[in-house]
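Below is one structure, written out as structure tokens, with a few remarks after it.
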Amino acid sequence: MKPFNYLANAVRAPEIVAILVRWGFEDLLLQLDTPPFLLKNLVRSRVTHLTFYERVRSALEELGPIFVKFGQILSTRPDRLPEPLVMELKKLRSQVEPQPYDRIEPVLLKELGDVIDRFFDVFEDRPFAAGSLGQVYKAKLKGSDEWVAIKVQRADIHKTVSSDLEIIGWFARQLHARIEDLRPYNLPALVREAEKRLHEELDYRNEADNAEIFRALNPNQERVFAPAVYRELTTRRLLVTEWVEGDAPEAAKLTTDEGRELAKLGGQSVFQQIVGTGFFHSDPHSGNMLVTSDRRICLLDWGQSGQITLEMRYLLADLFAGITARNAEKVIRVAERMALNNRRIDRRRLEKEVSYLLNKHRKFGPSGTKIGTVGLEMLHIFGMNGIEVSPDYALLSKAVLCVEETARIMDPDFDIQQIAKPFLVQLNKERWSTESVARQAFFPVLSLLRNLQQIPEQAQRIL
């Protein structure tokens, strides 16, 4: 097992241990071969009113923005983590103090080539928003009336990420090696996956790409849009987009009719993304939406997105049909087709757990269970039964749950099933059209013919 570099983390490691002890994880730390000197003279936990998973969330929030971001990424893997933990991780929100401008200015200067006023007539140095990785400023382009939003990464964020991820990785390896009950979750692999996604989010050019892909794939969605990107000013650590004035859905003063219409638009947009194009914003919660004065919806923060193939969309439609019909056998058949691995499964146990979940959630819609919640719980059952599926299925379940929650802020009677149905009906029409069926039949035959052509050549090599 890779040893922990205490010298490189001499300041951060004691801070993390102190916070974990404060939230009642001392016994866990003792199981992980934590050096005794790190546990001396610490304030023991007096927290008795919170569950274990609530304490995990609280500790992550106190541990700082990187741990919060890490927890948010893990919340998209319900197939690999206990459901109560996923539910708590979903509540994580970055509540960080903005860095003072004198810390941010050197980053701006480096990315813009040491001259800010070459690009902007006005630059307001008070941040309008602060997140775990960066903060947002408002500026006016040089010689123009156009106002832009400038998201700039926090100073020293890469150093902080490197240190915190090393510590998180050490904890994951220790937990995996020393606590047998946790081995099925394969925490080291989860950490590696989350680390990859975090580094992708640290390159703002990826976020710019995602916003532009959405705009290109959805040219007719005039009332649900992503801010235009200024590519010539965007770098790895700087993202410049059009400035959009608006309010969060809960702050927008909407009439009943306006709320109903915007909730419907938001839901239709998400299903058009998932079912229509396969490329979607995976975190459309209310903090990532603005309602403009002319009653349009702006989708912000494209750092997290998902991509599913046409075949995955067909499987999604089948899974949705199985869930809404409470047909456990159909759900299991879909799960077997979704699987990335070929592990033998206990089908009887799986059917029992799927049936229980479907019976537990007998009613969907405004007064019942959210479809997104059922999707996340179903993926967890698949994972715990050895069925490994693409992480994008979890991302789209999260996206559906987010839009359900946000839409109900604007329209308490919002019903996601009524929104989803026409998209899934159209998908199935296209799926079973003569042209589509012929195409689906043609490619396997073509593949078979190619393989047959290679047999003589392969036989000759063997001889």
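The numbering of the sequence shown is my numbering, which starts it at 324 and goes up by one.
Backbone N, C-alpha and C fix where the C-beta goes; we use that ideal spot for every residue, glycine too.
Out of the options, point me to the one whose CA is closest to residue i's CA.
| i | options | result |
| --- | --- | --- |
| K465 | R449, V697, R441 | R441 |
| S678 | I646, E420, I491 | I646 |
| R378 | K433, P689, D356, M410 | M410 |
| I342 | F746, R367, P359 | R367 |
| D736 | F705, L699, G691 | G691 |
| R403 | D425, V567, E711, R560 | E711 |
| R583 | Y553, N682, P607, P689 | P689 |
| P429 | D479, G394, E447 | D479 |
| V514 | D526, N533, I490 | I490 |
| F720 | L505, I502, K413, R666 | Just to set this straight, residue 720 is Ser in the shown sequence, not Phe. Cα-wise, what sits closest to S720 is K413. |
What residues in its chain sit with their C-beta under 6 Å from that of residue i, if we drop five residues either side in the sequence?
| i | result |
| --- | --- |
| G599 | none |
| I631 | G601, D715 |
| I396 | A517, R520 |
| I668 | N708, G709 |
| L613 | V567, G569, C621 |
For the beta strand (DSSP E) containing residue i, name the first residue and the last one.
| i | result |
| --- | --- |
| D448 | 443-453 |
| H604 | 602-604 |
| T634 | Residue identity check: residue 634 is Glu in the sequence provided, not Thr. Where E634 is concerned, there is no enclosing beta strand (DSSP E), although the alpha helix (DSSP H) it sits in stretches over 633-647. |
| T696 | Run containing T696: none in the beta strand (DSSP E); it sits in the alpha helix (DSSP H), 694-707. |
| A462 | 457-464 |
| E565 | 561-565 |
Taking DSSP as the reference, what is the three-state secondary structure of residue i?
| i | result |
| --- | --- |
| K587 | helix |
| S274 | With the chain covering only 324 through 786, there is no way to say anything about residue 274. |
| Q783 | Reliability fails at Q783, whose pLDDT of 47 lies under 50, so the model's placement of it is uncertain and the value that follows must be treated cautiously. Reduced to three states, the DSSP call for Q783 is helix. |
| K675 | helix |
| G610 | helix |
| A549 | coil |
| A662 | coil |
| Q544 | coil |
| D487 | helix |
| I620 | strand |
| A651 | helix |
| T371 | coil |
| D715 | helix |
| D402 | coil |
| D504 | helix |
For the alpha helix (DSSP H) containing residue i, name the first residue and the last one.
| i | result |
| --- | --- |
| K433 | 424-435 |
| K576 | Element bounds for K576: n/a, residue is neither H nor E. |
| I473 | Counting along the chain, I473 falls outside any alpha helix (DSSP H), though it belongs to the beta strand (DSSP E) covering 470-476. |
| K519 | 510-524 |
Once the 5 residues before and after residue i are set aside, which same chain residues still bring their CB inside 7 Å of it?
| i | result |
| --- | --- |
| F765 | The predicted model places F765 with a pLDDT of 48, which falls under 50 and marks its position as unreliable; any figure quoted below should be read in that light. Excluding sequence neighbours, F765 sits near nothing in its chain. |
| A640 | L747, L750, N751 |
| V370 | W346, G347, R378 |
Looking only at its own chain, which residues have a Cβ that is under 8 Å from the Cβ of residue i, when we skip the five neighbours before and after it?
| i | result |
| --- | --- |
| P507 | M707 |
Task: Given 8 Å, three or more beta-carbon pairs between the stretch 482-499 and the stretch 584-604 - done: No: the two stretches stay apart, fewer than three of their Cβ pairs being nearer than 8 Å.
Task: Cβ contact (3+ pairs, closer than 8 Å) linking the stretch 746-754 and the stretch 687-705 - done: These segments do not touch.
- [ ] Check whether the stretch 581-591 touches the stretch 723-735, counting contact only when three or more Cβ pairs, one atom from each stretch, lie closer than 8 Å.
- [x] Contact holds: three or more Cβ-Cβ distances are below 8 Å.
Task: Contact between the stretch 539-556 and the stretch 679-688 (3+ Cβ pairs under 8 Å) - done: No, the stretch 539-556 is not in contact with the stretch 679-688.
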